[in-house]
Amino acid sequence: MAKRVLVVEDEPNITEAISFILSRAGWTVHTHADGATALDKLRRHPPDVVILDVMLPGRSGLDILSDIRADPGLGRLPVMMLTARGQDRDRDLALSLGASRYMTKPFANEEVLESVRALAGE
Amino acid sequence: MLSFDLLVFFSLAYVAFLFAIAYFAETRARARTGWLRSPAIYTLSLSIYCTAWTFYGAVGYAARSGLEYLTIYLGPSLVMVGWWLILRKLVRVGRAQRVTSIADLVSSRFGKSTALGVLVTVIAVAASTPYIALQLQSIALSFAVFAGEGAGIAGSEAQLWTTAFWSGVGLTLFIVLFGTRNLDSSERHHGIVMAIAVEAVVKLVALCAVGIFVVWGIGGGLAATLDRIDASPIARWDQPGGRWLGLTFLSAAAFLSLPRMFQVLVVENDGDERNLATASWAFPAYVMAMSLFVVPIAVMGLERLPGANADLYVLTLPLSEGRQGLALAAFLGGFSSATSMIIVATIALATMVSNHIALPLWLRARPRGAVVSGDVRGAVLLSRRLSVGAVMALGYLYFRLTSGGAALAAIGLISFVGAVQVLPAMIGGLYWRGASRIGAAAGLTVGALLWAWCLLLPSLTGILHPDVLSEGPFGLTWMRPQALFGIEGLDPLMHATLWSLLLNTATFLTVSLFSFPTPLERLQGAQFVNVFDRAVGGARLGPGETGAEDLLIMAQRILGPDDAQLFFARAAARQGKDGYLPDVTPDFLTALERELAGSVGAATAHAMVGQMVQGAAVTVEDLIAVADEAAQIMEYSARLEAKSAEQEQTARALRQANEKLTRLGLQKDAFLSQISHELRTPMTSIRSFSEILKGGVDGADAIRFAGIIEEESRRLTRLLDDLLDLSVLENGQVELRRQSGTLAEVIDRALASAGGEGGLAIDRRRGEEGLLLQTDLDRLAQVFINLVSNARKYCDADAPVLRIRVGRSGGRAHVDFIDNGTGIARENQAVIFEKFARLGDASRAGSAGLGLAICREVMDRLGGGIAYLPGQGGAAFRVTLPPPGTGLDEAAQEGAVNRAARVVV
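Chains A and B, in that order, are what the protein sequence lines are.
Residue numbering for the first sequence follows this note's numbering, beginning at 5 and increasing consecutively.
Residue numbering for the second sequence follows this note's numbering, beginning at 3 and increasing consecutively.
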């Protein structure tokens with residue numbers, strides 16, 4: 005059975021690009037645009053990998069990351085953070101909160117695919 | 003023969019003329035023409051002292067009691083001549099405390115007491131109602147004289163009632179139109195003052211005309227008239243000196259304490275004490291002219307028309323001689339006297355009833371601490387109008403009940419004695435620090451009760467049983483209304499005056515000595531008594547917790563948005579702050595309370611502000627301020643205060659600058675991060691889809707993906723354009739193109755460009771938008787587009803509405819854009835005009851947060867301005883339009899200065 009990725013991102017065009025790349029590679033892709041309800045969605049249908057944007061409406065991606073790590077059911081879920089802010093400080097903060105990977109926009113498509121595969125343990 | 007209809011026509015024409023005068027003066031007052039405030043107008047307005055009672059009644063009085071009528075003029079003349087004794091202080095206090103009526107003065111002096119305000123109002127209404135009735139009666143009678151002349155019979159009672167009724171209705175209309183048109187914080191009515199000044203001239207001319215006719219027309223010249231006077235009984239009747247003295251004192255006291263006199267003397271006094279200096283000789287001259295021909299007319303009347311009503315000689319003499327024109331002039335003179343008195347008295351009483359009875363009741367009916375809701379101005383104006391109607395109805399009712407009763411002069415004097423009861427509390431309050439609220443209330447009550455018992459009730463036929471007059475109530479002879487404590491032989495008027503004033507004053511003094519004034523009373527007392535010595539603030543409220551914004555909301559509802567905003571902006575500027583919200587200091591609260599007092603009276607204003615400010619009690623500092631009154635200490639502390647205020651102002655400015663710097667520092671960090679985010683987001687899609695296309699996809703997807711790439715490229719371009727625009731504006735390199743067009747056109751364009759989608763309703767008044775502009779209209783439209791799109795994006799109401807309003811403040815036109823959403827939080831109001839200051843989550847909107855920063859730069863360049871307007875219920879922006887005369891070069895320079903100032907801060 006195909007593995008599942010959840011993309012939490014509010015820019016529709018970026019969501020569409022990631023979906024296209026991953027679907028073509030055989031993944032089942034779910035998307036979600038609202039920060040406030042992202043955690044609920046994760047709890048109801050835990051995916052194999054999460055791609056999480058840092059600046060989301062409703063709730064920051066970093067807050068969601070902390071909650072994932074504190075959640076007994078989701079604690080070990082691989083999380084790839086996406087951000088449009090390229091400063092080192094942001095990267096350090098994300099990694100210290102428990103991000104599995106950290107990727108800066110704009111990204112190379114191949115890079116995204118490889119990271120997701122690595123995170124899913126393929 | 004003058005027909006009754008013709009007479010009605012002349013009256014109506016005259017009234018229309020008065021309307022025109024009042025309207026003209028109101029228009030001129032708005033244009034601030036100087037002569038409206040001239041001492042001459044002031045003096046003429048004082049002549050409402052001469053009512054129909056003096057116009058018609060003085061002659062009757064002379065016919066009955068000889069020269070005694072002169073006392074009625076002598077008293078006020080003495081008060082005016084000695085104006086610096088009492089009047090100067092009264093006017094100074096009235097202006098300093100923004101007093102709206104005599105009840106307000108007493109209430110304000112004694113700790114802004116609501117109860118005292120009510121008491122004085124009740125006394126004033128009780129004392130003035132008969133007087134208003136008297137004026138209605140004189141109008142009705144003078145009509146009846148003409149009607150009777152025509153039909154050969156005197157007018158029936160029903161006819162009198164009808165005439166009085168319609169006169170009352172017409173006057174009510176006039177007063178509501180010009181007396182309660184707007185809620186002016188200074189409570190002045192230029193139109194009405196002008197109209198009564200004209201009426202003053204009319205009545206003087208009319209009386210003199212009749213006098214000249216009597217002396218030279220039918221009296222056979224000056225010498226013959228003097229002989230006649232010598233021969234007539236008037237010259238022989240001599241009066242006891244005590245009564246002369248008493249009447250002179252009574253009329254002087256009434257001149258100071260009649261509500262209508264207080265209205266023209268103090269409240270409507272628009273200039274300053276110079277008005278008084280002129281009036282001090284001009285007013286006695288006026289009343290002298292008014293009294294000049296009284297005796298000749300009375301003598302001639304007694305001789306030619308024996309048995310006729312002496313109160314109407316002024317009218318009946320010319321009629322009996324067949325001089326219709328002269329009779330008409332006399333009629334209009336009497337009409338003027340009556341109407342001007344009714345107008346001013348009604349306004350004064352209505353202000354008192356509304357401010358001291360209706361509004362406190364209304365205020366009490368609402369839960370304590372609740373924020374004032376609804377339009378208070380509407381409520382105040384409505385209560386004023388209803389009060390006008392009520393006062394007039396009372397006068398008419400009294401007239402109907404007592405119709406055909408006492409002679410004119412008797413009612414006038416009864417009113418005088420009632421009004422004079424306020425005098426001890428008023429004079430005591432002005433000159434004696436020890437006077438207390440309880441003392442004033444006790445004295446007023448005793449005086450009013452005695453007046454009613456000894457004078458008012460006996461004058462009303464059928465109320466007191468004759469036995470009570472002769473034997474006293476329940477056989478208590480010492481309580482006989484006209485012989486208290488068994489002292490007989492005084493005439494009833496002097497008896498009542500003596501006892502009521504004596505016991506009033508004694509009670510006031512005694513109770514004041516034995517009662518302890520509250521802190522607020524002591525503060526107000528110091529303010530009143532020492533009004534010439536110092537210019538310190540009044541009773542202060544504690545700063546408490548109320549935000550300036552809440553106070554602004556309340557003030558807007560009472561003073562109107564423009565005045566309130568101007569007042570708040572000035573207060574903020576005095577504290578060295580930008581914007582519309584000053585710090586809520588005791589000084590500011592005191593000033594605000596005084597401003598509000600001009601509209602709703604001191605007690606109500608105090609209650610309203612107190613309701614909003616927690617801890618309305620007087621603070622420890624205030625008590626210390628009361629205690630330390632030695633002049634030296636006061637002066638020393640005043641100097642210290644000035645210094646510390648200066649330091650405080652500097653500190654405040656520094657604190658503000660520091661806060662702003664900290665915010666700007668944080669923003670600079672955020673700026674790089676933001677710009678990175680704004681550029682990278684579209685770049686991500688472009689790069690990603692380009693890679694996908696490069697790898698090859700089928701046709702439909704390829705077209706769609708290419709579309710996304712194009713869309714995101716446009717977004718990038720737009721962002722770069724905005725950044726460039728801003729940087730050009732900031733560096734002052736922008737070219738402005740001067741065009742002319744109307745404001746409406748610019749708004750039309752902005753609404754069209756901002757797009758019609760999204761459910762934002764626009765509420766605008768095209769009628770206000772006819773303003774012609776001469777500036778760079780494209781740039782102005784750019785600002786409007788930004789504000790409209792912001793409302794479209796951020797207004798979170800269920801049914802979003804954007805109000806666009808045009809107004810003026812400080813001589814400049816402005817346009818307000820007000821939506822009905824949650825608005826912008828106080829702490830954010832200062833930063834929204836900074837770059838990338840988009841609030842809350844960053845990615846919600848499709849723009850980069852440069853819009854308002856650009857707007858501010860544009861308005862600076864155009865010589866106008868843009869600011870956030872707090873306290874409007876939703877997000878509100880005020881765009882101040884460039885002044886019409888500014889060339890764009892000057893505007894640019896001004897803009898550069900503003901920018902420089904910002905850089906320095």
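Yeah, the Cβ is synthetic: ideal placement off N, Cα and C, and Gly gets one too.
| Query | Result |
| --- | --- |
| Ordered list of beta strand (DSSP E) runs contained in the stretch 569-596 of chain B, each at least 3 residues | none |
| Option nearest residue 250 of chain B by Cα separation, candidates B:214, B:424, B:70, B:642 | B:70 |
| Per-residue burial, residue 1 of chain B [other beta carbons within 10 Å of its own, 16 or more giving buried] | For chain B, the structure presents residues 3 to 907; residue 1 of chain B sits outside this window and is missing. |
| Option nearest residue 133 of chain B by Cα separation, candidates B:415, B:90, B:23, B:827 | B:415 |
| Cross-chain neighbours of residue 691 of chain B in chain A, by beta carbon under 7 Å | 21 |
| Residue 742 of chain B - partner residues in DSSP beta bridges | B:776 |
| Whether residue 271 of chain B touches residue 449 of chain B by CB criterion (9 Å) | no |
| Best match in A:47, A:81, A:28 for proximity to residue 703 of chain B [C-alpha to C-alpha] | A:28 |
| Length of the line joining the Cα atoms of residue 323 of chain B and residue 174 of chain B | 36 Å |
| Per-residue contacts from residue 953 of chain B into chain A (C-beta, under 9 Å) | Within the shown structure, residues of chain B are numbered from 3 to 907, placing residue 953 of chain B beyond reach of any answer. |
| Under 8 Å from the C-beta of residue 15 of chain A: neighbouring residues of chain B | 683, 686, 687, 845 |
| Buried/exposed call for residue 719 of chain B, threshold 16 Cβ in 10 Å | exposed |
| Proximity test, Cβ basis, 9 Å: residue 114 of chain A and chain E | The question asks about chain E, but that chain is absent: this structure's protein chains are A and B. |
| Closest residue to residue 790 of chain B among B:231, B:493, B:291, B:879 (Cα-Cα distance) | B:879 |
| Contact set between residue 714 of chain B and chain A, taken where Cβ atoms lie within less than 7 Å | 17 |
| Backbone CA spacing between residue 196 of chain B and residue 83 of chain B [nearest angstrom] | 24 Å |
| Minimum length 4: unbroken alpha helix (DSSP H) runs contained in the stretch 16-84 of chain B | 41-48, 60-67, 72-83 |
| With 16 other Cβ atoms within 10 Å as the buried cut-off, status of residue 276 of chain B | exposed |
| Alpha helix (DSSP H) runs contained entirely in the stretch 302-358 of chain B, provided each spans 4 or more residues | 315-322, 326-355 |
| For residue 94 of chain A, the nearest candidate out of A:109, A:30, A:82 (CA to CA) | A:109 |
| Nearest-angstrom beta carbon gap, residue 103 of chain A and residue 83 of chain A [assumed within contact, 8 Å] | 6 Å |
| Residue 814 of chain B Cβ short of 8 Å to the ligand MN heavy atom set | The ligand content of the structure shown is nil, which means the ligand MN is not present either. |
| Closer than 9 Å to chain B by CB, residue 84 of chain A | no |
| Boundaries (first-last residue) of the alpha helix (DSSP H) holding residue 860 of chain B | 853-864 |
| Closer than 9 Å to chain B by CB, residue 25 of chain A | yes |
| Where residue 842 of chain B falls, given that 16 or more other Cβ within 10 Å makes a residue buried | Residue placement at residue 842 of chain B is flagged as unreliable, the pLDDT there being 48, under the threshold of 50; the coordinate-derived value follows with that caveat. Label assigned to residue 842 of chain B: exposed. |
| contact_flag[the stretch 695-702 of chain B, the stretch 736-745 of chain B] where n(CB pairs < 8 Å) is 3 or more | no |
| Classification of residue 461 of chain B by the beta-carbon crowding that lies within 10 angstroms, buried from 16 upward | buried |
| C-beta atoms of residue 361 of chain B and residue 123 of chain B nearer than 9 Å | no |
| Residue 57 of chain A, enclosing beta strand (DSSP E) - first and last residue | 53-57 |
| Per-residue DSSP class, three states only, for residue 699 of chain B | coil |
| CB contact below 9 Å: residue 358 of chain B versus chain A | no |
| Identity of the residue in B:401, B:773, B:354 nearest residue 382 of chain B by Cα | B:354 |
| Residue 710 of chain B: contacting residues in chain A (beta-carbon distance under 7 Å) | 17 |
| Endpoints, the alpha helix (DSSP H) within which residue 24 of chain A is located | 16-28 |
| Any alpha helix (DSSP H) of 4 or more consecutive residues that is wholly inside the stretch 188-259 of chain B | 192-214, 224-233, 235-238, 243-259 |
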